[in-house]
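Beneath this line is the structure, given in structure tokens, with notes to follow.
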């Protein structure tokens with residue numbers, strides 16, 4: 122209702138602020154932990170304000186190899202390639218498929234549509250073992266391709282583009298036909314430009330999806346130099362006998378979430394649009 | 011329904027749709043088929059011998075107390091995560107919606123956790139409750155409650171639920187907020203004129219108008235709890251202690267990759283396939299009436 | 031030589047038959063308006079000429095070349111759509127030049143043509159703007175500009191003015207007419223608005239339910255409508271159509287009014303009289319009972335009935351008449367040459 126000054130107004134702000142603090146706390150704590158020495162961590166309670174080791178810890182994280190992992194810098198690089206590969210791959214493939222399905226009539230079109238739909242029911246978690254075997258047989262274990270390809274046939278993106286394409290007014294297609302535009306020309310000169318916002322919105326979602334992949338990278342990278350940062354952070358935490366250098370691990374955690382957070386915040390409107398479109 | 015205008019020709023569309031079909035075939039359909047095939051056999055992991063066993067893998071599964079327990083665990087886990095993350099998100103969204111000026115600020119503050127991977131969420135919470143270095147486990151220890159989620163089942167379930175919930179609040183928040191903002195102000199004002207106070211308004215108007223969003227979120231959160239929470243389990247408890255946080259998807263991984271029992275793991279995959287299929291059908295039948303052809 | 035020829039055109043959409051045999055011959059430089067109600071098939075006809083719909087049977091010739099199987103872009107036509115169909119992401123300049131670019135014209139030639147057309151249409155200052163920054167009328171001009179730069183053999187207009195407000199519509203009507211006169215290009219203009227048809231057309235094709243009711247100049251379709259449909263579609267308020275049976279000296283309307291007519295051939299007819307053709311005459315044969323007068327400025331429309339019956343009658347009188355006494359009676363007469371006779375069964379014109 123209307124925002125009025127008074128008890129309910131302050132109550133709203135208080136509760137929301139508490140909510141913000143609760144949500145932020147785990148990350149804040151991780152950040153603080155990434156700026157102190159290991160000593161301060163293993164003798165709790167750790168302080169709640171950042172310490173002075175920020176430079177040291179982050180550079181260690183980025184450059185040092187540990188027993189069970191490689192430098193965060195390398196992992197960030199890997200993850201960037203994988204996330205970009207997945208996001209761009211999904212978009213290119215789905216955009217093309219949606220174009221084919223909406224604007225043409227070709228034999229077995231209906232069948233293709235339902236086949237693509239069917240892949241919605243096959244998230245990677247349902248097919249981990251056999252997909253692993255396939256990737257191994259093709260020789261793509263421990264490669265970027267192996268990390269990217271099994272995840273880029275997305276039905277959601279195809280459906281999203283299809284939904285959007287169905288709203289393109291018929292007259293524009295007809296005007297293009299009269300202007301002499303062949304289908305591919307229409308695709309490049311008209312369709313892609315008017316889909317810009319949808320593509321960008323989807324890119325944000327897909328990038329985060331690709332960046333945050335965990336199960337699949339764990340399965341198919343045995344070579345630590347191919348690990349992604351999300352799996353890497355966990356790898357850096359030692360077993361019960363190893364001593365974990367917590368500050369560096371926390372620095373790695375912070376680094377692992379920075380790029381997606383930056384993407385979400387800087388493209389907030391597009392992100393929200395992409396999310397509400399792609400899941401509905 | 012709009013009558014769609016087409017381009018002529020079949021060669022171009024076939025070329026354009028082939029990549030998706032090929033990748034789907036190689037990495038989706040073929041493995042899915044293989045999983046179904048394997049579920050009917052008892053292969054040994056080295057591929058040296060296989061034995062056709064028909065449905066016995068499935069029968070064994072459903073007689074296996076650990077597997078049935080996994081179902082129960084998954085159900086408990088999903089319900090907790092769904093209820094908590096939806097409830098908290100709804101609260102925050104309703105409060106945000108009441109504001110005009112600062113709504114945008116709060117929205118920004120509440121949506122960034124979406125960018126944090128569930129696996130990282132697991133690491134963060136695990137760090138806070140670690141038996142040796144965790145801040146909260148230390149405080150609890152001071153107050154006389156021993157915290158060890160690696161030994162205590164309830165604590166283990168609690169921590170994974172919290173970590174999964176934390177990770178999911180942003181998503182639900184966004185959708186609830188969008189749903190609330192799409193309720194025409196005129197309806198709210200009309201009900202206020204009719205004399206309904208906030209709580210009454212909330213129950214009789216807002217909740218019903220939010221039911222499509224809620225239903226949608228309910229389905230999506232179930233999918234999330236079933237599949238996307240692998241990272242949370244793996245980083246914190248690895249299914250333990252004693253399989254008390256062994257959700258279905260984790261068991262597939264555990265039995266298959268760790269235990270190397272291909273037949274059982276494949277059978278479990280097939281069961282999961284049915285569950286996803288069911289959820290997908292529900293999603294499209296009741297929510298997205300847009301998949302008409 | 032005829033610029034556009036349509037011979038025995040039939041069109042089906044699946045099982046549904048929409049066009050049942052149309053024959054049209056259009057001469058070079060003519061402005062033809064295809065007029066008809068919604069769903070009569072006029073847009074379908076236009077789109078078949080454009081090549082956006084296939085022809086089920088029959089032939090279309092543009093400049094003596096059969097174009098049935100020719101792609102739209104190769105037919106040398108240009109089309110102006112009802113919803114303008116401008117590419118939303120392109121500037122006005124690019125919208126207008128897109129077709130020329132694909133056809134391979136040089137940059138110089140394109141610039142010349144676009145400049146010339148945009149001057150003609152007074153949109154030169156908008157060349158770098160996007161469609162969403164323009165008003166409806168401006169967008170319509172851009173759509174026309176896109177058609178003009180192609181120097182086509184035929185212009186096709188698909189109800190281009192329907193989305194504009196009334197005042198703009200009148201203004202654009204005049205501009206289209208003068209533009210066409212200047213360019214001299216054969217034009218086909220589809221509309222459901224008979225006023226547009228009357229003001230724009232050299233000849234009107236009146237269509238109804240997939241067939242042509244009449245092809246003629248505006249004057250012809252107004253003064254000698256070939257069927258009741260045409261008679262009532264053209265002219266506002268619509269022509270009065272009343273049943274009449276033959277009797278001694280003429281025809282009897284149902285209430286006994288005698289319409290004097292020398293040549294009584296058919297027994298049963300429909301008699302058509304335009305509201306504006308009735309003149310107040312104390313000795314007139316037609317007696318009107320006034321129900322509702324509508325003074326609309328310099329004239330008055332009177333809704334009423336034939337005196338002794340419930341047959342509705344509308345009269346359009348000169349002058350402002352504040353008829354205070356409802357239910358009063360006024361007598362009118364009609365000159366014989368202004369009476370239209372239609373066959374009762376077929377609805378076709380007799381005289």
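Residue numbers (the working numbering), protein chains in the order written: chain P, 122 to 401; chain H, 11 to 303; chain A, 31 to 381.
The beta carbon of each residue, even a glycine, is placed where N, CA and C say it ideally should be.
Predicted model only: the values in this text are computed from it and were never measured.
Check this for me: beta carbons of residue i and residue j, under 9 Å apart or not?
i, j, result
"residue 219 of chain A", "residue 49 of chain A", "no"
"residue 381 of chain P", "residue 127 of chain H", "yes"
"residue 107 of chain A", "residue 294 of chain P", "no"
"residue 475 of chain P", "residue 262 of chain P", "Outside the shown range of chain P (122 to 401) lies residue 475 of chain P, about which nothing can therefore be said."
"residue 100 of chain A", "residue 81 of chain A", "yes"
"residue 219 of chain P", "residue 279 of chain P", "yes"
"residue 385 of chain P", "residue 122 of chain H", "yes"
"residue 373 of chain A", "residue 300 of chain A", "yes"
"residue 302 of chain A", "residue 255 of chain A", "yes"
"residue 39 of chain H", "residue 243 of chain P", "yes"
"residue 311 of chain P", "residue 156 of chain A", "no"
"residue 397 of chain P", "residue 196 of chain P", "no"
"residue 83 of chain H", "residue 167 of chain H", "yes"
"residue 267 of chain A", "residue 305 of chain A", "yes"
Would you identify the three-state DSSP class for residue i, choosing helix, strand or coil?
i, result
"residue 295 of chain H", "helix"
"residue 41 of chain H", "helix"
"residue 54 of chain A", "strand"
"residue 306 of chain A", "helix"
"residue 45 of chain A", "coil"
"residue 317 of chain A", "strand"
"residue 243 of chain P", "coil"
"residue 289 of chain A", "strand"
"residue 84 of chain A", "coil"
"residue 374 of chain P", "helix"
Quick check: what's the CA-CA separation for residue i versus residue j?
i, j, result
"residue 251 of chain A", "residue 25 of chain H", "54 Å"
"residue 392 of chain P", "residue 313 of chain P", "19 Å"
"residue 103 of chain A", "residue 110 of chain H", "53 Å"
"residue 147 of chain H", "residue 140 of chain H", "7 Å"
"residue 34 of chain A", "residue 240 of chain P", "52 Å"
"residue 302 of chain H", "residue 113 of chain H", "Low per-residue confidence applies at residue 302 of chain H: pLDDT is 47, beneath 50, and the placement is therefore not dependable, though the value from the model is reported in the following sentence. For residue 302 of chain H and residue 113 of chain H, the distance between alpha carbons rounds to 37 Å."
"residue 207 of chain H", "residue 377 of chain P", "46 Å"
"residue 345 of chain A", "residue 217 of chain A", "36 Å"
"residue 372 of chain P", "residue 244 of chain H", "20 Å"
"residue 207 of chain P", "residue 228 of chain H", "27 Å"
"residue 224 of chain P", "residue 306 of chain P", "13 Å"
"residue 45 of chain H", "residue 35 of chain H", "14 Å"
"residue 47 of chain H", "residue 292 of chain P", "50 Å"
"residue 126 of chain A", "residue 174 of chain A", "9 Å"
Have a look at the options and flag the residue whose alpha-carbon is nearest the alpha-carbon of residue i.
i, options, result
"residue 186 of chain A", "A:193, A:370 and A:77", "A:77"
"residue 342 of chain A", "A:326, A:363, A:366 and A:316", "A:316"
"residue 146 of chain A", "A:159, A:55 and A:172", "A:172"
"residue 98 of chain A", "A:202, A:140 and A:40", "A:40"
"residue 109 of chain P", "H:206, H:105, H:68 and H:80", "For chain P, the structure presents residues 122 to 401; residue 109 of chain P sits outside this window and is missing."
"residue 158 of chain P", "P:369, P:336 and P:357", "P:369"
"residue 321 of chain P", "P:389, P:379 and P:349", "P:389"
"residue 189 of chain A", "A:67, A:352 and A:149", "A:67"
"residue 129 of chain P", "H:293, H:209, H:256 and H:60", "H:209"
"residue 374 of chain P", "H:136, H:252 and H:62", "H:136"
"residue 233 of chain H", "H:62, H:98 and H:87", "H:87"
"residue 198 of chain P", "P:339, P:154, P:265 and P:258", "P:265"
"residue 246 of chain P", "H:169, H:101 and H:266", "H:266"
"residue 72 of chain H", "H:130, H:289 and H:258", "H:258"
"residue 140 of chain A", "A:375, A:178, A:221 and A:69", "A:178"
"residue 237 of chain P", "P:254, P:259, P:257 and P:214", "P:214"
"residue 351 of chain A", "A:360, A:170, A:370 and A:325", "A:325"
"residue 225 of chain A", "A:45, A:264 and A:51", "A:264"
inquiry  = Measuring CB atoms only, is the region 253 to 272 of chain H touching the region 242 to 253 of chain P, in the sense that at least three cross pairs come out at less than 8 Å?
reply    = Cβ pair count under 8 Å is three or more, so yes.
query = Are the region 234 to 254 of chain H and the region 209 to 224 of chain H touching by the rule of at least three beta carbon pairs closer than 8 Å?
reply = Fewer than three beta-carbon pairs drawn from the region 234 to 254 of chain H and the region 209 to 224 of chain H are found closer than 8 Å, and the two stretches are therefore not classed as touching.
ask   = Quick one: any contact between the region 224 to 233 of chain P and the region 337 to 357 of chain P, if contact means 3 or more CB pairs under 8 Å?
value = The region 224 to 233 of chain P makes no contact with the region 337 to 357 of chain P, as fewer than three CB pairs between them are under 8 Å.
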